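Visitor: Residue numbers (the numbering used here), protein chains in the order written: chain Z, 793 to 1020; chain B, 9 to 67; chain P, 2 to 241; chain Y, -16 to 149. We treat Cβ as the ideally placed atom computed from N, Cα and C, and that holds for glycine. Since we're looking at a predicted model, the values are computed, not measured.
See below:
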């Protein structure tokens, strides 16, 4: 009963965020353009050696999605703060978890769209062939996006309301994300380019474990972060 | 190249003593630097407290 | 003076005994280092390099103790809402980060002549570095949030999240195959090395306790000063 | 005594929310502990390895050839060959299963390199079954011993570095 209320509320928050995002349009397009630019820069940095570029593609695409996604995390609270909407939203009982879940869903959709664009671009730019195991790749992308978004939405709740939020969010987020990113990159690498030292299955299960842990932890701790 | 040959004949390129002395020097520098930082923080906060109390007495 | 204290929810700390403790801690550290250098012969493989471990290993252990304190005080803060717990967690985090950095640097100085590389991307080294970065982020969070209430709650959450990584750092050499060796036991150590290691571990522990206490005193005094200044400006009402 | 000083204004709003959540929290913590336990005791030790052992690399067959890997193990006693003129270092790495990979190293070996030492090499396994190493690292064990009677650590270095064939 109460749970269903919360679900409705969370969906409403997600829908509101995504609608605002779609109406403004400029937001997502700019972030996607940034992600593609980062990929191009990776291409330059890795030089003309197409072998090296192909080997680095999994890392490059996840980092591009991360750098671009960080902007979205901060903005999802910034919109509330600018409109003065955060205080009223928190007045409802049990609203905090619903708010977090809603933001989580909206950011998840955002990052997933970003990842689709980034992967499509890197397939072209880095001359990586679509592997025959693409459903597995899809699962890895979904799981990686969950991990990224969970911690990103959580830490953005603090960072977006501090001074120097542009610096603080990456500083808090990136080290905590290391296990998720590592697992996602290695699993992607094993699927896209193969590798003697990686096994996609083991890395994917590591990703699942981290997703579960971080999801629970952030839901437990979110009350403390948002109320102050 | 000559370095490598020398070394493979049994003479370490850099004596270990330099690493040991360096490690101990780094530790002491770090510990003392932090000690001074904490002491100066403590001095500053005590000065702030004294200032607050004198301000409280003035009003 | 005594009436001014009432304007703050807690008293400013007095630190006569702790100053003496600090002097003794540093004196003991010098003694422990002198004794261990004197009694422990060079290792058969690495010669004198083994003496670096007398700081590297105690720093790593005490870093773990500091992060454990961060977790304890953070949880206590969230439970009891006593601002002093938050300040204690912050002090422990700062000293833990200091020892974490020291562990990394000394490990590198030891690794270059032993392994042949300053750095390797194995699980132990990488997780220790990540731990350092997480708590650097924690300290930055504290620096960038001004409102004490909010800072305390947020850093308690961030501190807890960071501290749960320590078991991973400690166990990484057992769970995963790393370049870093697994923990030594008394069986794998020459007795004189084991004794020296213990002497130095307690020395760094005392130093860490002293540092945490002093850092906490500084932060608490600062908060008392803020409370009292506010009370003075508002004309005696005690609002936090 | 333990009453919170500096009570936050929002504690009353916060308390009922936490009361209501209680059974959920218990379930969440159970899942959390389970996930941690699985992380620790699950089969994850296979993928966070810093290096492969000879039997693992050889088991990969063709997929292990000419790809960048790290290979680790023990230097097989008596297998070290050092050509002073061309400064070419060759030795064999072995593991507990007794499998052997021959390594040719071009980097400068660390000073502790010797027979029966643990090593990790970075490079590629050639199709000629020779492992071409670009960097050589020592893997030290967790044993620290003083030299036995009459041994001098400095002298030990010299005897260790006396490579057969040099």
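(1) For the beta strand (DSSP E) that residue 121 (chain Y) lies in, which residues bound it at each end?
(2) Who are residue 74 (chain Y)'s beta bridge partners in DSSP?
(3) Scan the stretch 921 to 971 of chain Z and note each continuous alpha helix (DSSP H) run of 4 residues or more that stays entirely inside, going in chain order.
(4) Of all the CB atoms in chain P, is at least one closer than 7 Å to the CB of residue 128 (chain Y)?
(5) The alpha helix (DSSP H) spanning residue 155 (chain P) covers which residue range?
(6) Provide the residue span of the alpha helix (DSSP H) that contains residue 62 (chain P), from first to last.
(7) Which residues in the same chain as residue 55 (chain Y) place their Cβ atom closer than 8 Å to its Cβ, once the five residues preceding and following it in sequence are excluded?
(8) For residue 59 (chain P), which residues from the same chain have a beta carbon less than 6 Å from its beta carbon, with the 5 sequence-adjacent residues on both sides left out?
(9) Rounded to whole angstroms, what is the Cα-Cα separation between residue 1018 (chain Z) and residue 922 (chain Z)?
(10) Just mark residue 234 (chain P) as buried or exposed, buried being the case when its beta carbon has 16 or more other beta carbons within 10 Å.
(11) At what residues does the beta strand (DSSP E) containing residue 53 (chain Y) begin and finish?
(12) Compare the C-beta of residue 27 (chain B) with all C-beta atoms of chain P and state if any pair is closer than 7 Å.
(13) Leaving out the 5 sequence neighbours to the left and right, which residues in its chain are closer than 6 Å to residue 942 (chain Z) when beta-carbon positions are compared?
(14) With distances taken between CB atoms, is the gap from residue 128 (chain P) to residue 170 (chain P) smaller than 7 Å?
(15) Among residues of its own chain, excluding the 5 on either side of residue 953 (chain Z), which ones have a beta-carbon nearer than 8 Å to its beta-carbon?
(16) On a Cα-Cα basis, can you pick out the residue from Z:967, Z:888, Z:867 that is closest to residue 819 (chain Z)?
(17) Check the Cβ-Cβ distances between residue 231 (chain P) and every residue of chain Y, and say whether any is below 7 Å.
(18) Could you tell me whether the stretch 913 to 921 of chain Z touches the stretch 970 to 979 of chain Z, using the rule of 3 or more Cβ pairs below 8 Å?
(19) Report yes if the C-beta of residue 968 (chain Z) is less than 6 Å from at least one heavy atom of the ligand ATP; otherwise report no.
(20) Cutting at 8 Å between CB atoms, please list the residues of its own chain near residue 934 (chain Z), excluding the five before and the five after it.
(21) By the 7 Å beta-carbon criterion, what residues does the stretch 164 to 184 of chain P contribute toward chain Z?
(22) Measuring CB to CB, does residue 213 (chain P) end up less than 7 Å from residue 106 (chain P)?
(23) One question on the structure: do residue 41 (chain Y) and residue 1001 (chain Z) come within less than 7 Å of each other, judged by their Cβ atoms?
(24) Within its chain, find whatever has a CB closer than 8 Å to the CB of residue 102 (chain P); leave out the 5 residues flanking it on each side and keep chain order.
(25) Using a beta-carbon distance below 7 Å, is residue 930 (chain Z) in contact with chain P?
(26) Using a Cβ-Cβ cutoff of 8 Å, what residues of the stretch 1004 to 1017 of chain Z are near chain P? List them in chain order.
(27) Tell me whether residue 127 (chain Y) sits in a helix, a strand or coil according to DSSP, three-state version.
(28) With a 10 Å radius around its C-beta and 16 neighbouring C-beta atoms as the bar for buried, classify residue 13 (chain P) as buried or exposed.
(29) Just checking my contact of residue 143 (chain P) with residue 91 (chain P) at CB under 8 Å: how many whole Å lie between their CB atoms?
(30) Could you tell me the alpha carbon to alpha carbon distance between residue 968 (chain Z) and residue 131 (chain P), rounded to whole angstroms?
(31) Could you tell me which of Y:66, Y:8, Y:44 sits nearest to residue 84 (chain Y), measuring between CA atoms?
(32) Identify the contact partners of residue 79 (chain P) in chain Z, using a Cβ-Cβ distance below 8 Å as the criterion.
(33) With DSSP as the reference, label residue 888 (chain Z) as helix, strand or coil.
(34) On the DSSP letters alone, give me the boundaries of the beta strand (DSSP E) that residue 105 (chain Y) sits inside.
(35) For residue 833 (chain Z), count neighbouring C-beta atoms within 10 Å of its own C-beta (all shown protein chains included) and say buried if the count is 16 or more, exposed if not.
(36) On the DSSP letters alone, give me the boundaries of the beta strand (DSSP E) that residue 65 (chain Y) sits inside.
Guide: By the coordinates alone:
(1) 113 to 122
(2) Y:86
(3) 926 to 951
(4) yes
(5) 149 to 164
(6) 54 to 81
(7) 33, 34, 35, 36, 76, 101, 102, 103, 104, 122
(8) 201, 202, 205
(9) 42 Å
(10) exposed
(11) 51 to 58
(12) yes
(13) 1006, 1007, 1010
(14) yes
(15) 869, 873
(16) Z:867
(17) no
(18) no
(19) Judged by which ligands are present, the structure shown has none, so any question about the ligand ATP falls away.
(20) 904
(21) none
(22) no
(23) no
(24) 133
(25) no
(26) 1009, 1013, 1016, 1017
(27) strand
(28) buried
(29) 6 Å
(30) 8 Å
(31) Y:44
(32) 1016
(33) helix
(34) 101 to 108
(35) exposed
(36) 64 to 66
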